[in-house]
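Q: Numbered according to UniProt numbering, the sequence shown spans residues 212 to 520.
Even for Gly, the Cβ is constructed at its ideal location relative to N, Cα and C.
Below you'll find the structure I mean.
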Amino acid sequence: AFDVLIVGAGPAGSAAAIYTARKGIRTGIIAERLGGQVQDTLSIENFIATIETEGPKLAMQLEEHIKAYDVDIMSLQCAKALIPAAEKGGLHEVQFESGARLKAKSVILSTGARWREMNVPGEKEYRSKGVAYCPHCDGPLFKGKKVAVIGGGNSGVEAAIDLAGVVSHVTLLEFGSELRADAVLQKKLASLPNVEVIKEAQTTEVLGDGQKVVGLAYKDRKTDEMHKIELAGIFVQIGLVPNTDWLKGTLELSPQGEIVIDNRCKTSVDGIFAAGDVTTVPYKQIVIAVGEGAKAALSSFDYLIRLGN
Ligand code: FAD
């Protein structure tokens with residue numbers, strides 16, 4: 212059995228593996244895809260101390276860094292169940308779609324999250340070519356240009372306020388008849404001169420020129436009329452879904468499905484820790500996931516040295 216089994220090998224899991232391996236404890240890391248969301252990212256400009264890098268390059272560096280230590284790396288494995296230890300200090304078990312089962316004294320969950328997509332034509336083709344999901348990451352790429360934000364909940368309205376300070380014009384499209392964001396955010400949004408809000412708008416297509424986004428098409432749900440807007444970027448803000456379906460009923464999840472953790476990355480189950488986008492920690496960013504992974508690893512080490520076996 213492992214001392215620590217890390218499920219998920221994005222920035223959070225990778226950092227956790229490096230930290231536990233450096234303590235000399237038996238570490239395994241297992242994931243569907245090494246690198247996680249970073250693999251889907253073109254340009255990264257906010258990973259501190261690295262002015263600019265590319266996702267696949269950073270993913271490769273994460274893997275190289277783990278490989279510099281004695282860590283069992285297992286990829287292409289999808290976890291389907293977690294069976295916590297029956298007694299305090301016992302072994303936890305993780306079961307995989309492949310039929311494999313692994314046991315460990317402590318487990319770090321770092322299975323990340325995925326952005327909810329609009330599922331309209333053009334969205335996939337123009338991902339990272341104008342279709343974006345993270346205003347903190349990609350906002351500056353659209354400096355002085357026109358963009359749209361899809362979604363009028365808190366994250367959509369926050370994104371519109373954020374982007375309005377960077378881009379020339381923001382159109383916020385809300386599917387329903389009212390914005391769902393907090394009143395104070397809506398008030399702030401209404402005060403901005405370069406933001407337009409269109410309600411009851413259903414985005415139907417991302418329009419591109421073969422290279423990049425040039426606009427979007429939407430349907431006015433009241434009149435069924437179709438409209439087009441010319442713009443350079445589309446920020447989709449309709450939700451971030453944590454990869455926790457397989458954990459339902461095993462440990463405490465928030466109403467959004469995130470793993471509830473304390474400030475030491477402890478979950479509601481003794482000996483099981485969690486880090487990164489999959490948790491309740493706010494702001495889903497690489498630099499934050501890396502820090503949380505290190506924290507979960509140190510907490511797990513603290514737990515192990517107190518087990519006394
Ligand atoms: P993830 O990166 O999501 O990794 C999750 C890991 O868990 C993966 O290895 C995955 O295969 C594995 N996994 C999931 N479910 C299972 C399962 N059931 N069984 C086994 N393994 C599983 N952040 C920035 O800071 N700067 C940026 O510029 C930036 N740009 C982005 C651009 C895009 C297009 C996207 C999608 C995200 C971007 N982000 C950016 C966000 C950033 O990528 C995430 O915050 C970060 O990757 C989170 O790390 P994580 O380790 O928590 O999770």
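Let's see if you can read the secondary structure: which residues bound the alpha helix (DSSP H) around residue 397?
A: Start at 1 with the first residue of the sequence shown, and residue 397 comes out as number 186. Counting along the chain, the alpha helix (DSSP H) containing residue 397 begins and ends at 394–401.
Q: Provide the residue span of the alpha helix (DSSP H) that contains residue 331, from first to last.
A: Reading the sequence shown from its first residue, position 120 is the one you call residue 331. Careful: residue 331 lies outside any alpha helix (DSSP H) and carries neither H nor E.
Q: I need the DSSP call for residue 386, collapsed to helix, strand or coil.
A: Indexing the sequence shown from 1 puts residue 386 at position 175. If DSSP states are grouped into helix, strand and coil, residue 386 belongs with coil.
Q: Is DSSP giving residue 506 helix, strand or coil here?
A: Here residue 506 corresponds to residue number 295 of the sequence shown, with the count starting at 1. Helix at residue 506.
Q: Mind the definition here: the region 440–451 touches the region 410–428 only if three or more C-beta pairs lie below 8 Å; say whether that holds.
A: Yes: the two stretches touch, three or more of their Cβ pairs being nearer than 8 Å.
Q: DSSP on residue 444, reduced to helix/strand/coil?
A: Within the sequence shown, the letter at position 233 stands for residue 444. Note: residue 444 maps to strand in three-state DSSP.
Q: Mind checking whether the beta-carbon of residue 245 lies closer than 7 Å to any heavy atom of ligand 1?
A: The sequence position of residue 245 within the sequence shown is 34, counting from 1. Yes; taking the cut-off as 7 Å, the Cβ of residue 245 has a heavy atom of ligand 1 nearer than that.
Q: Taking the CB atoms as reference points, tell me whether residue 368 and residue 390 lie closer together than 8 Å.
A: Residue 368 sits at position 157 when you count from the first residue of the sequence shown. Residue 390 sits at position 179 when you count from the first residue of the sequence shown. Result yes, Cβ atoms of residue 368 and residue 390 sit closer than 8 Å.
Q: Among the candidates 301, 271 and 280, whose CA atom is the shortest distance from the CA of residue 236?
A: As a first step, residue 236 is located in the sequence shown; it is residue number 25 there, counting from the start. Nearest option by C-alpha distance: 280.
Q: Tell me the rounded alpha-carbon separation between residue 413 and residue 431.
A: Numbered from its first residue, the sequence shown carries residue 413 at position 202. Numbered from its first residue, the sequence shown carries residue 431 at position 220. Residue 413 and residue 431: Cα-Cα distance of roughly 7 Å.
Q: Following the continuous alpha helix (DSSP H) through residue 368, name the residue where it begins and the one where it ends.
A: Position 157 of the sequence shown, counted from the start, is the residue given in the question as residue 368. Element bounds for residue 368: 365–375.
Q: Would you report the Cα separation of residue 331 and residue 262, rounded to the nearest angstrom?
A: To locate residue 331, count along the sequence shown from 1; it is residue 120. To locate residue 262, count along the sequence shown from 1; it is residue 51. Using only the alpha carbons, I get a separation of about 33 Å.
Q: For ligand 1, is there any heavy atom lying closer than 7 Å to the beta carbon of residue 255?
A: One-based indexing of the sequence shown puts residue 255 at position 44. Correct: residue 255 has its Cβ closer than 7 Å to ligand 1.
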